[in-house]
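Sequence lines, in order, name chains A and B.
So for the first sequence, numbering that gives the first Met the number 0 puts the first residue at 0; every next one is plus one.
So for the second sequence, numbering that gives the first Met the number 0 puts the first residue at 0; every next one is plus one.
Have a look at the structure below before the remarks.
Protein chains: 2
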Amino acid sequence: MTTVFNDPAEFAQDVVSGFVRLHPHLVESVYGGVVRSTETPEGKVAVVIGGGSGHYPAFAGWVGPGMADGAVVGNVFASPSTQQIYSVAKAADRGAGVFFSYGNYAGDVLNFDLAQERLRAEGIPAQTVAVTDDVTSADATERGRRRGTAGDLVVFKVAGAAAEAGYDLDGVTRVAARVNERTTSFAVAFGGCTLPGATEPLFEVPAGQMGVGMGVHGEPGISEQDVVSSRELAAMLVERLLAERPADAGPRVAALVNGLGGTKYEELFVLWNDVAPLLEDAGLELVAPEVGELITSLDMAGLSLTLTWLDEELEELWTAPTETPGFRRGSVVASRPRARRAAADAATSAVAEASPESRRAAATLLSAAQQVADALREHEDELGRLDAIAGDGDHGRGMTAGATAALAALRTAVGADAGIATALAAAGDAWADRAGGTSGALWGTGLRAAAGVLDDATAPDDATRVRAVRAALDHVLSFGKAQRGDKTLLDALVPFTESLEEAVTAGTTFDAAWAGAAKVATEEADATADLTPRIGRARPLAERSVGHPDPGAVSLALVVRTAAV
Amino acid sequence: MTTVFNDPAEFAQDVVSGFVRLHPHLVESVYGGVVRSTETPEGKVAVVIGGGSGHYPAFAGWVGPGMADGAVVGNVFASPSTQQIYSVAKAADRGAGVFFSYGNYAGDVLNFDLAQERLRAEGIPAQTVAVTDDVTSADATERGRRRGTAGDLVVFKVAGAAAEAGYDLDGVTRVAARVNERTTSFAVAFGGCTLPGATEPLFEVPAGQMGVGMGVHGEPGISEQDVVSSRELAAMLVERLLAERPADAGPRVAALVNGLGGTKYEELFVLWNDVAPLLEDAGLELVAPEVGELITSLDMAGLSLTLTWLDEELEELWTAPTETPGFRRGSVVASRPRARRAAADAATSAVAEASPESRRAAATLLSAAQQVADALREHEDELGRLDAIAGDGDHGRGMTAGATAALAALRTAVGADAGIATALAAAGDAWADRAGGTSGALWGTGLRAAAGVLDDATAPDDATRVRAVRAALDHVLSFGKAQRGDKTLLDALVPFTESLEEAVTAGTTFDAAWAGAAKVATEEADATADLTPRIGRARPLAERSVGHPDPGAVSLALVVRTAAV
């Protein structure tokens, strides 16, 4: 959805105005697009790129030293006019001719060819390489009919570096044609986009489906299929591109993973994590790979993989320095790699000396911890569902991970003859570390605070055990910055602690008092269904949780109930 | 929607693995996150930032010389654990202590504070500044309760530059606290996001509405209202931030426009085009402003404006060089600004000498061109609606713009005593230039081709006029790369031309033949309703156009019908 605009008819012009306002040190406006605002020597071939708007950083984002001299800016997804192309080319020309490059689409070919004819008629030499990297848009035997997609970046970068290095017009054309021939891309689309002011999407992809080979303006692909995992997607993309490896290709490749706008960096990194090993397993060496939003289509969801089979000349041009608003190579900041440090071992701290009583007390925690971990795993999905009502649904997973890690840490500690204070502290640390999030930290700090009341010399008596529970509550209150009634685990933990304290003070045995307190905690956890959260949640989501108990309170009640058995 | 992943539980880890694979020259993995892989001097304060995943380039993208030494990486939208923070801090420490900075959220505060205590307990000095820039999350009098959003970037950049410049821990803390106090942000949200593996969005914003002040994880804002124009939005954002201008603030400000992921570069540039003049009108001087995806929330739609009131020290630190995967300052490429060229005047070409007959013929075109422009304007919406069925809905606007420009060019030419060939060529050029897109280029090249058959010495006879129409058709066929039957304007233009040729050859008067051919063109245009486009459209959209005539054929028929009157 395109949301931010004034007059939709002026959108492309407003975009370029804002863009030039932001980067006056690199670009300036001319009729039809932008040219460099930096000094450019006479006698340098002018590289002019372009196409429709809506693909930032393509195309205006690539104007600057080391890359393009000018970019022609059409309306959204529409070819620029012949006059626009001619105007930008005239402004960019430095007396050595104009090299045009753009993605191979009918409207662009038409208008760039007309502009080229006009320049030639005026005695300005002009040459063109239209980019044709999209393997699914036509067969390999009909290379000239293929569309241009993310391969644009490689072709423009190489041509720009060649022109900057002093190649003449024929030389730039030769190297650009060569890099284009050795560049292939394969794309999938997950969702369409909506133009400024439009009431309907320009095109759509059914939910849960992906358009294999679908073009950046919704051009038909080769098939539609269910969305697959990143690993399967990586295999599909890599296999198809390796199949077009040129006969004379060496192992050096430039690789790009491009996100179309709605598919985010995180997803692109996940895919790269699956793609890179496949390429390396095929014996390839990755040269200055790029993963990001390189050529977008507004907020269209989807991505592509591009491979360019480099030779020595192409590699030098691909890696040469450049400075444009949307693409850079080279750094002013010295960044020498340092020797890799030895992998930091988890410090195996020596276990403090403990008395037999305290060690026995630690061992008794083991079976309770085992039962708690089992109970949480059994209720993991249910806790997840409760959490998903107004949260991110990971509470069950986090509690299970925390309790399982705590159990393992307890086992290790007991195996190393730790006393109860050391063992419980280790359990708390492990819980906090593996559960993650706020609730993991609260459980961890609570268990650690309880351990602080105990020691490794004695077995705790009932009063000490009650004080340990109180210490846990106090820490959770002080760190969690919430109160009873906020619809958090405190709604179960506060009444649990109070009930336990009262009963033990009144002379009830600890085990009976604990069982009674666990019953109170369960009732109070259920009663949180009537509350609305007061902290940390968006209002509409908070409201949708009314009628459902708080997952943190429910899981606390489950733990104390299980530990009592 | 998050689409690309393997096991959702491993998403954050897969993201960081792919990220480190891509940037081994800058970052390496440690337990809990990443640290620099570049050499860093002993005795430098370590700047450690962090938070949940899902906000790239925040936070791991900002590790590198000149910025952070390490970033802690939590699960998606969840605080990292104390152990993770401690681990990254230990790996980053170079013996001068650790400076922590992160956005002010309860879970992060809890875990970073616990890690800080643990470091201090080991004798490692540690200090913290939690970022609190979001003006809508709490009142200015309760600054410490505000959330941290895009202001993170400014605070981390300034602290990182200070540490790199050799500030000690107290110095880094002082300058970071100062820049945080002088940084404010104001955000609006247009749409929510969906976590990997989730079946429902984490939160939503109703269509056509914006959540004013809504947080990056869906935290409640101050109101919901209808989406407004970029200009109104800019005014709203600027007004609110100027209201918190510190008493001692000078005119120098850092300004950021941040896109949350689903709101694209083009929209951000449009907003910047409205924001920058408002700031300049308020007497402010913009220092190294940034517009882009700086802190995202997966594919959440929305944006924010951030202002930092600089002093001399802060400005130097804000503009200092840095080299990280997600943020750079400084360039290796020399880019001296060049003297601005004089605005290129549109070349006013001298009009070729013309005979009185040819000039009169040119003048007769004027009234036809006027009627065509009027008719197209009258039918603009209807043509737009037809085009929106399978296209981007701009056909009516393009045709009206082209015809209006052609009329103006004709008027100028006739006023300058041009003959019919020159006048018609000028009309074609103006049409192509202003209409844009493929259809604008085709109309332009068609009119220009027709002009090529005419001359400025005579008035064309009927046979010449027919040849001019045929020349237009031939050029459109050759440039457009489509055939009759493809559901394009050719479905009206081909039968129009053939009918005109036949009738004139059979002895019908030119005007009668034209009127007959226009009738044929209209019928054939209507008949395109039965066709499916064969080129240039996505399949599902092409199918939805069946039953509706092609807008290009309809507008052609309209033009020839109107010109015949």
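Glycine residues also receive a C-beta, built at the ideal position from the N, C-alpha and C atoms.
In this structure, DSSP gives residue 129/A an extended state, which the three-state scheme calls strand. Collapsing the DSSP output to three states places residue 181/B in coil.
Taking 8 angstroms as the upper bound on Cβ-Cβ separation, chain B lies near residues 320, 321, 322, 327, 329, 330, 331 of the segment 307-331 of chain A. Runs of alpha helix (DSSP H) with 4 or more residues, each lying fully within the segment 198-255 of chain A, are found at 229-241, listed in chain order.
The beta carbon of residue 428/A sits closer than 8 angstroms to some beta carbon of chain B.
Counting other Cβ atoms within 10 Å of its Cβ, residue 496/A reaches 16 or more and is therefore classed as buried. The straight-line gap separating the alpha-carbon atoms of residue 493/B and residue 506/B is approximately 20 angstroms. Contacts with chain B at 8 angstroms (Cβ-Cβ) include residue 82/A. One alpha carbon belongs to residue 110/B, the other to residue 397/B, and they sit about 58 angstroms apart.
At a Cβ-Cβ threshold of 8 angstroms, residue 371/A and residue 404/A do not count as neighbours. Judged by DSSP in its simplified three-state form, residue 48/A adopts strand. Counting every other CB atom within 10 Å of its CB across the protein chains shown gives residue 126/A a total of 16 or more, marking it as buried. For a cut-off of 8 angstroms, the C-beta gap from residue 291/A to residue 260/A is around 11 angstroms, too long to register as a contact.
Around residue 298/B, the beta-carbon contacts reaching into chain A at under 8 angstroms are 261, 262, 263, 298, 300. A distance below 7 angstroms between beta-carbons, with the five flanking residues on each side excluded, links residue 66/A to the following residues of its chain, in chain order: 155, 156, 159, 321, 323, 326. Among the residues of chain B, none has a CB under 7 angstroms from the CB of residue 235/A; the nearest is roughly 12 angstroms distant. Per DSSP, the continuous beta strand (DSSP E) segment holding residue 308/A begins and ends at 300-308. Cα atoms of residue 383/A and residue 395/A: separation of roughly 5 angstroms, rounded to the nearest angstrom. In the same chain as residue 275/A, and ignoring 5 residues on each side of it, the C-beta atoms closer than 7 angstroms to its own belong to 285, in chain order. Looking at the DSSP output, residue 336/B bridges to 37/A. Taking a contact to require three or more Cβ pairs closer than 8 angstroms, the segment 180-187 of chain A and the segment 127-140 of chain A qualify as touching. The contact set of residue 55/A on chain B, defined by CB atoms closer than 8 angstroms, consists of 263, 264, 265, 268 in chain order.
By a beta-carbon distance limit of 8 angstroms, residue 87/A contacts residue 69/A. Their separation comes to about 4 angstroms. At the C-beta level, residue 473/A and residue 448/A come within 8 angstroms of one another. The beta carbon of residue 354/B is closer than 6 angstroms to those of 456 in its chain, skipping five residues each way along the sequence. Chain B has no Cβ within less than 8 angstroms of the Cβ of residue 28/A. In this structure, the alpha-carbon of residue 25/A lies about 19 angstroms from that of residue 269/B. With fewer than 16 other Cβ atoms inside 10 Å of its own Cβ, residue 144/B counts as exposed. Neighbours of residue 226/A in chain B, taken as residues whose beta carbon is under 9 angstroms from its own, are 2, 3 in chain order. When DSSP states are grouped into helix, strand and coil, residue 296/B belongs to the strand group. The beta carbon of residue 532/A sits no closer than 8 angstroms to any beta carbon of chain B.
By the neighbour-count definition (other C-beta atoms within 10 Å, threshold 16), residue 480/A is an exposed residue.
Around the Cβ of residue 482/A, a 10 Å sphere holds fewer than 16 other Cβ atoms; the residue is exposed.
Three or more pairs of CB atoms, one per stretch, sit closer than 8 angstroms, so the segment 290-309 of chain B contacts the segment 188-197 of chain B. Nearest to residue 162/B by alpha-carbon distance, out of 95/B, 217/B, 374/B, 212/B, is 95/B. Rounded to the nearest whole angstrom, the C-alpha separation of residue 214/B and residue 423/A is 37 angstroms.
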